[in-house]
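Protein chains: 2
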Amino acid sequence: MKPATIRDVAQKAGVGLGTVSRVINDSPLVSDATRIRVQQAIDELNFIPNPTARRLSLGKTLTIAAIVPFFTRPSFIERLRGVELTLAESEYALNIYNVETVERRDQCMRQVPRKELADGVLIISLSPRNEDIPYITRADVPIVLVDANHPSLTLLNRVVVDDVEGGRIATQHLINLGHRRIGFISDFLENPFNFTSSRDRFQGYREVLEGAGIPFNPDYHAQGEHERYEACRLATKILALPDRPTAIFASSDTQAMGVLEAARDCNLRVPEDLSLIGYDDIEIAEHLGLTTIRQLLFESGQRSVNVLLKTLEIGLIEPKCDVLPTELIIRHTTASPPI
Amino acid sequence: MKPATIRDVAQKAGVGLGTVSRVINDSPLVSDATRIRVQQAIDELNFIPNPTARRLSLGKTLTIAAIVPFFTRPSFIERLRGVELTLAESEYALNIYNVETVERRDQCMRQVPRKELADGVLIISLSPRNEDIPYITRADVPIVLVDANHPSLTLLNRVVVDDVEGGRIATQHLINLGHRRIGFISDFLENPFNFTSSRDRFQGYREVLEGAGIPFNPDYHAQGEHERYEACRLATKILALPDRPTAIFASSDTQAMGVLEAARDCNLRVPEDLSLIGYDDIEIAEHLGLTTIRQLLFESGQRSVNVLLKTLEIGLIEPKCDVLPTELIIRHTTASPPI
DNA sequence: CTGTTAGCGCCTTCAT
DNA sequence: ATGAAGGCGCTAACAG
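Set out below in structure tokens:
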């Protein structure tokens, strides 16, 4: 049987359509008597206003779109959790656009920011490229960049973390412990998804090296897919170097796990023989006792939604760039180098 | 500026509304000449049919709802990934209803299975209770139960795993190694969310114990929240027993990690002093070398979507119960007990 | 305060 | 093969 409509309710309550609509929307323009009568009819019919019709009539989708790559990776999940929980309290639904291929990336970046699809868009961890800019700037929908950036997009709200600074902190920590030979394992610095975090962390790494008078050794930098296996493979190669590093900075905790495996394979003790620092402080990091750089993943999700909701409520506001802090978490994978 | 509508396209192409609609929907009832003309107008106007209007007109939501608890837990994520990837190829959108409280559980279970909200519903890892049954059976929407069950719901499609069997396999593995004192750490067997997996695995555990002539020792069973910390706490208590178990079966890999921590705290080597087997085979299990029971998480998501889509396409079909296999993965946390 | 009416953008008959 | 018209369920503006 078909679900009850506003019309059924009106008939049952013996009122007009408009009145039912007013009751639904908590309009003050209804007498208590009729409100009760209508409410009764609603309850009896187990009526719920059809969201699709509502959206069409309102000209709003009541939906927020989140474009996020590889949404099963722990760090992205944690961001999404912040998004989801914050949004759950609102009247907005969440649509997740999971990006796992470059084609999909481009398609989402260009097609999703549309009024017909969402009232607001969160672009997470995917920095637009120059070719994307026209699509984004002409979008008639508020957009918030989360963990993403682009020089010419200062007119967008952004919630970011200073990855260059994070790279500095990590590297400085290792140097403070006395390390001079410091490896860096990362995603591909140049990649079709335009992930920028590794690039930024690498920059911080190099800045600090230079500041400490340590020349950058290209052999100590290996890049590859963002996967444990791959990181393990890369680390194994670096650790086989005649003058192997005494410390490795992995640009994510996941990759740090790969390094841990490589160290195990090479019979290197961590941290006695090899120090290791990761990045993100995902949940598993604590279990592993991994020293890492914490960033506020959950909070980045929360904040970005709040900014978006405020924009939707108040209308365009002065675009802000919200820079979340970064923190060194010292656990048990870093120590002074062997003498 | 407002997005282009079908009307704009019609005007630009010099045809009627209906024709544009036909072109959009690949109707054969359009001559090639006009089709091209219309397509040109569509491209020029950068027109995309408004999904909301489409849904209202079609009387379909073109949306699949997935009710899933704690969607950030690795095992649920992996199921969701199967759902998402499979659905991405279809014309259906995915709406995730994340359940983290009992109130929300009840609300979702009762309100989500409605035609107005979704064309199909996936209920993941949440077994309906008796009180939910009326809401579910009267739902006018196809429902697929994933990793969930209920005796009176044989009319629903289900994709499940035999957790009792999984519990048996895990326990048998330990017994085969020579263990007689086997602990079991699990979620609360009775819980307001009505998670049933721990209960089933526990049953398998007890069956095998009994079959081996080993009396069940209640001291060896501890239940608590599904969290590493909690599992660690529970394991610590069990391991402090005068006659502590030589092996522990944790009802999830996450909890197994807690046990690992407890063992570490107690200076117990795994597997020399304590054997440990988990459940799920989430990604981290491999890194940890954890012996565990693998279930096809990703595939459960895929299959459930396929069943749902087929139902939507073909209409009601004979409800099936798809039982996915379970597999023992032996790694390095189980061995014969110390003599 | 309340009933009525005109859309929202699209799909689908029904004529032509 | 194509145009015109009615309707999907709701909101909002208007008249009373």
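Those protein sequences? They're chains A and B, same order as listed.
The numbering used here applies: residue 1 is where the first sequence begins, and numbers increase by one.
The numbering used here applies: residue 1001 is where the second sequence begins, and numbers increase by one.
Glycine included, each C-beta is placed from N, C-alpha and C at the ideal position.
Neighbour list for Thr-1246 (chain B) in chain A, Cβ cutoff strictly below 7 angstroms: Residues of chain A passing the Cβ test: none, with the nearest at roughly 23 angstroms.
I'd like the ranges of any beta strand (DSSP E) spanning at least 3 consecutive residues and lying wholly in the region 74 to 142 of chain A. 93 to 99 and 120 to 124
Is it the case that the Cβ atoms of Glu-346 (chain A) and Ala-170 (chain A) are separated by a distance below 8 angstroms? Outside the displayed range of chain A (1 to 339) lies residue 346 (chain A), so it cannot be described from this structure.
Using a Cβ cut-off of 8 angstroms (strictly closer), state whether Arg-228 (chain A) contacts chain B. yes
Does DSSP classify Ser-1186 (chain B) as helix, strand or coil? strand
Is Leu-324 (chain A) helix, strand or coil when you go by DSSP? strand
Give me the residue from A:Val-99, A:Pro-242 and A:Lys-310 with the minimum Cα distance to Gly-120 (chain A). A:Lys-310
Residues bridged to His-221 (chain A) (per DSSP): A:Phe-184
Interface flag, Asn-306 (chain A) vs chain B, CB-CB below 8 angstroms: no
So Lys-12 (chain A) packs on Ala-33 (chain A), CB below 8 angstroms; how close in whole Å? Their Cβ separation, rounded to whole angstroms, is 16 angstroms, which puts Lys-12 (chain A) and Ala-33 (chain A) out of contact at 8 angstroms.
Work out the CA separation of Pro-151 (chain A) and Ser-1186 (chain B) for me, nearest whole Å. 51 angstroms
As a quick exercise: from B:Thr-1063, B:Glu-1230 and B:Leu-1177, pick the residue whose alpha carbon is nearest that of Leu-1122 (chain B). B:Thr-1063
If we require 4 or more residues per run, which alpha helix (DSSP H) segments fall completely within the region 1257 to 1288 of chain B? 1283 to 1288
Bounding residues of the alpha helix (DSSP H) (the contiguous stretch that carries Asn-1306 (chain B)): 1297 to 1314
Supposed close pair Arg-390 (chain A), Gly-258 (chain A) - CB separation, criterion 8 angstroms: The structure shown does not extend to residue 390 (chain A), since chain A is modelled only from 1 to 339, so the question has no answer here.
Quick one: what's got a C-beta closer than 8 angstroms to Asn-149 (chain A)'s C-beta in the same chain, skipping five residues either side? Ser-127, Arg-158, Val-160 and Thr-196
Alpha carbon to alpha carbon, what distance is there between Tyr-1220 (chain B) and Arg-1199 (chain B)? 15 angstroms
Quick check on Lys-310 (chain A) - is its C-beta less than 8 angstroms from some C-beta in chain B? no
Contact check, Leu-94 (chain A) vs Glu-84 (chain A), beta carbons under 8 angstroms: yes
Against chain B: residues of the region 27 to 55 of chain A by CB proximity under 9 angstroms: Ile-48, Pro-49, Asn-50, Pro-51, Thr-52, Ala-53 and Arg-55
Out of B:Glu-1100, B:Gly-1315, B:Asn-1306 and B:Arg-1168, state which residue places its alpha-carbon closest to the alpha-carbon of Phe-1249 (chain B). B:Arg-1168
Spatial neighbours of Ala-1212 (chain B) within its chain, please: CB distance less than 6 angstroms, with the 5 preceding and 5 following residues excluded, ordered by chain position. Ile-1175
Where Leu-58 (chain A) sits in the DSSP three-state scheme: helix
So Ile-1169 (chain B) is in the alpha helix (DSSP H); what residue range does that whole segment cover? 1163 to 1176
Quick one: is Asn-1342 (chain B) near chain A, going by C-beta distance under 8 angstroms? The shown model of chain B, from 1001 to 1339, leaves out residue 1342 (chain B), and the question about it has no answer.
Going along chain A, which residues have a C-beta under 8 angstroms from Asn-1095 (chain B)? Ala-93, Leu-94 and Asn-95
By a C-beta neighbour count over all protein chains shown, 10 Å radius and 16 as the cutoff for buried, is Leu-1029 (chain B) buried or exposed? exposed
Residue range of the beta strand (DSSP E) that includes Phe-1249 (chain B): 1247 to 1250
DSSP beta-bridge partners for Ile-1329 (chain B)? B:Thr-1292
Looking only at its own chain, which residues have a Cβ that is under 7 angstroms from the Cβ of Val-1038 (chain B), when we skip the five neighbours before and after it? Val-1009, Ala-1013, Val-1015, Thr-1019, Val-1020 and Val-1023
Cβ-based neighbour list, Cys-1232 (chain B), same chain, cut-off 6 angstroms, excluding 5 preceding and 5 following: Gly-1258, Glu-1261 and Ala-1262
Does the beta-carbon distance from Thr-5 (chain A) to Thr-1052 (chain B) come in below 8 angstroms? no
What is the DSSP secondary structure of Val-20 (chain A), counted as helix, strand or coil? helix
How about Met-109 (chain A): is its C-beta nearer than 8 angstroms to some C-beta of chain B? no
If you drop the 5 nearest sequence neighbours on each side, which residues of the same chain put their C-beta closer than 6 angstroms to that of Gln-255 (chain A)? Ile-185 and Ala-231
Let me know the secondary structure DSSP gives Pro-1051 (chain B) once reduced to three states. helix
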